[in-house]
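Q: In our numbering, the protein residues as written are 4 to 192. Glycine is no exception: its CB is placed at the ideal position from the N, C-alpha and C atoms.
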Amino acid sequence: MAQKKETAVVYSQEELAPGIFSMWIVTDIADEARPGQFISVYSQDGSRLLPRPISICEADPDEGRLRIVYRIAGKGTDEFSKYVSGDPIDIMGPLGNGFPLKGKQPLLMGGGIGVPPMVQLGAALKAQGCTGVQTVAGYRDELFLTEELSASGDFYIATEDGSAGTKGNVMDAVREHGIEADVIYACGP
4 MAQKKETAVV YSQEELAPGI FSMWIVTDIA DEARPGQFIS VYSQDGSRLL PRPISICEAD
64 PDEGRLRIVY RIAGKGTDEF SKYVSGDPID IMGPLGNGFP LKGKQPLLMG GGIGVPPMVQ
124 LGAALKAQGC TGVQTVAGYR DELFLTEELS ASGDFYIATE DGSAGTKGNV MDAVREHGIE
184 ADVIYACGP
């Protein structure tokens with residue numbers, strides 16, 4: 004897969020939780036994106052030269068779109084949060100090797116902004132016939148992407164404050180539920 008820099012177009016954007024945004028982008032690279040890859044997103048402000056690496060949450064090659072879910076962490080991601088449908092957005096990708104798709108009873112673990120790449124990974128594993136996908140998502144207190152993550156199999160939540168699921172982190176949830184796996188995929192913030 005060759006990486007490609009292009010000016011894509013924002014299809015839609017919504018705030019999923021305070022400071023966490025979901026953006027669909029119309030792009031030529033949607034059919035090349037694999038689970039676990041990311042794109043570099045460039046700011047339109049010339050004072051910020053370095054792009055922001057953001058994991059691909061979902062790819063829809065039939066519609067030619069990618070979905071990224073990101074947290075506002077500085078001026079660059081704050082700029083992105085203000086984009087609306089039809090705005091141009093400079094991106095490069097897909098980047099990274101992605102995940103190898105294997106296992107009959109895989110465990111997908113991620114916390115915070117490491118949760119989004121598990122959406123496409125879980126869907127890809129399920130599409131290749133894996134019926135034992137187990138996902139554990141860790142959150143501070145805000146939940147997002149729960150519906151998408153539960154669509155691929157068993158889904159467990161851990162929250163730092165105990166407001167949903169297991170109180171603690173993803174490893175606390177794994178222990179509490181006695182989860183066993185033949186392959187472990189981990190996504191961090």
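#1: I'd like to know whether the C-beta atoms of residue 112 and residue 187 end up nearer to each other than 8 Å.
#2: In the DSSP assignment, find the alpha helix (DSSP H) that holds residue 109 and state where it starts and stops.
#3: Pull up the distance between the alpha-carbon of residue 19 and that of residue 145, whole angstroms please.
#4: Go through its chain and collect everything with a Cβ distance to residue 176's Cβ below 8 Å, but skip five positions before and after it.
#5: Among the candidates 68, 172, 154, 178, whose CA atom is the shortest distance from the CA of residue 12?
#6: Is the Cβ-Cβ distance between residue 156 and residue 171 less than 8 Å?
#7: So, for residue 99: in the same chain, excluding its five sequence neighbours on each side, which residues have a beta-carbon less than 8 Å away from its beta-carbon?
#8: Look at the alpha carbon of residue 165 and the alpha carbon of residue 9, and state the distance between them as a whole number of angstroms.
#9: Looking at the strands, I want to know which residues DSSP matches up with residue 6.
#10: Can you confirm whether the segment 111-126 touches the segment 79-87 when touching is taken to mean that 3 or more C-beta pairs between the two stretches lie within less than 8 Å?
#11: With 16 other CB atoms within 10 Å as the buried threshold, where does residue 101 fall?
#12: So, under 8 Å CB-CB, residue 119 and residue 58 are touching, yes? Tell me the CB distance rounded to an integer number of Å.
#13: Where DSSP assigns a beta bridge to residue 138, which residues make up the other side?
#14: If you count every other CB in all the chains shown that lies within 10 Å of the CB of residue 52, and 16 or more means buried, which is it?
A: Walking through what the data contain:
#1: Walking along the sequence shown from the start, residue 112 turns up at place 109. Walking along the sequence shown from the start, residue 187 turns up at place 184. Yes, Cβ-Cβ distance for residue 112 and residue 187 is below 8 Å.
#2: One-based indexing of the sequence shown puts residue 109 at position 106. For residue 109, there is no enclosing alpha helix (DSSP H); the residue is found in the beta strand (DSSP E) stretching over 109-114.
#3: In the sequence shown, counting from the first residue as 1, residue 19 sits at position 16. In the sequence shown, counting from the first residue as 1, residue 145 sits at position 142. When rounded, the separation of the alpha-carbon atoms in residue 19 and residue 145 is 9 Å.
#4: Position 173 of the sequence shown, counted from the first residue, corresponds to residue 176. Here the set comprises 139, 141, 159, 160, 161, 168, 169, 182.
#5: Residue mapping note: residue 12 aligns to position 9 of the sequence shown, counting from 1. Of the candidates 68, 172, 154, 178, the one whose C-alpha sits nearest the C-alpha of residue 12 is 68.
#6: Residue mapping note: residue 156 aligns to position 153 of the sequence shown, counting from 1. Residue mapping note: residue 171 aligns to position 168 of the sequence shown, counting from 1. Cβ distance not < 8 Å, so residue 156 and residue 171 don't count as in contact.
#7: Sequence index remark: in the sequence shown, residue 99 carries index 96 (1-based). Once the five neighbours on either side are set aside, the close Cβ partners of residue 99 are 39, 40, 41.
#8: Here residue 165 refers to the residue found at position 162 when the sequence shown is read from its first residue. Here residue 9 refers to the residue found at position 6 when the sequence shown is read from its first residue. Here the alpha carbons of residue 9 and residue 165 stand approximately 43 Å from one another.
#9: The count along the sequence shown starts at 1 and reaches residue 6 at position 3. Residue 6 pairs with nothing; no bridge assigned.
#10: No, they do not touch.
#11: Here the question's residue 101 lines up with position 98 in the sequence shown. Residue 101 should be labelled buried.
#12: Numbered from 1 along the sequence shown, position 116 holds the residue referred to as residue 119. Numbered from 1 along the sequence shown, position 55 holds the residue referred to as residue 58. A Cβ-Cβ distance of about 5 Å is found for the pair residue 119 and residue 58, placing them in contact under the 8 Å criterion.
#13: For the purposes of this step, residue 138 is identified with residue 135 of the sequence shown, where counting begins at 1. DSSP, once it has assigned bridges, lists 111, 158 as partnering residue 138.
#14: Counted from its first residue, the sequence shown places residue 52 at position 49. So residue 52 ends up on the exposed side.
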